[in-house]
Amino acid sequence: MVTVYGEDCVSDKSVRKWSARFLAGRESLFGNPRPGQANTVITADLIDKMEVLVRSDRRVTLRTLAVKVDASVETL
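So that you can map any letter, position 69 of the sequence shown is 94 in our numbering, and since no number is skipped, the others follow by simple counting.
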């Protein structure tokens, strides 16, 4: 492969590893979901709620907003 594609090509070891994974049933190039905190989704509804709350009280804290929209502070 190096002869054809040059030094920047994928190694033979990587090709064999990915080939074995797909033969074993893998269907995606992306990693499998891992345990831990779930992914968060920011929806238009959440954005609208946040906008109304902030416009009604510009001194509102993130902690208060999180409680009112039922989301974590990190999501906001």
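Even for Gly, the Cβ is constructed at its ideal location relative to N, Cα and C.
| Check | Outcome |
| --- | --- |
| I'd like to know whether the C-beta atoms of Val98 and Arg88 end up nearer to each other than 8 Å. | yes |
| Keeping to the same chain, check which residues put their C-beta closer than 7 Å to that of Val27; ignore five residues upstream and five downstream. | Cys34 |
| Would Arg71 and Ala96 be called neighbours here (beta carbons separated by less than 8 Å)? | The residue asked about is misnamed: residue 71 is Leu in this sequence, not Arg. Yes, the pair counts as a contact, with Cβ atoms nearer than the cut-off. |
| Report the CB separation of Met1 from Val94 in whole angstroms; it is logged as a contact under 8 Å. | Nothing in the structure corresponds to residue 1, since the chain is present only between 26 and 101. |
| So what does DSSP say about Asp95, is it helix, strand or coil? | coil |
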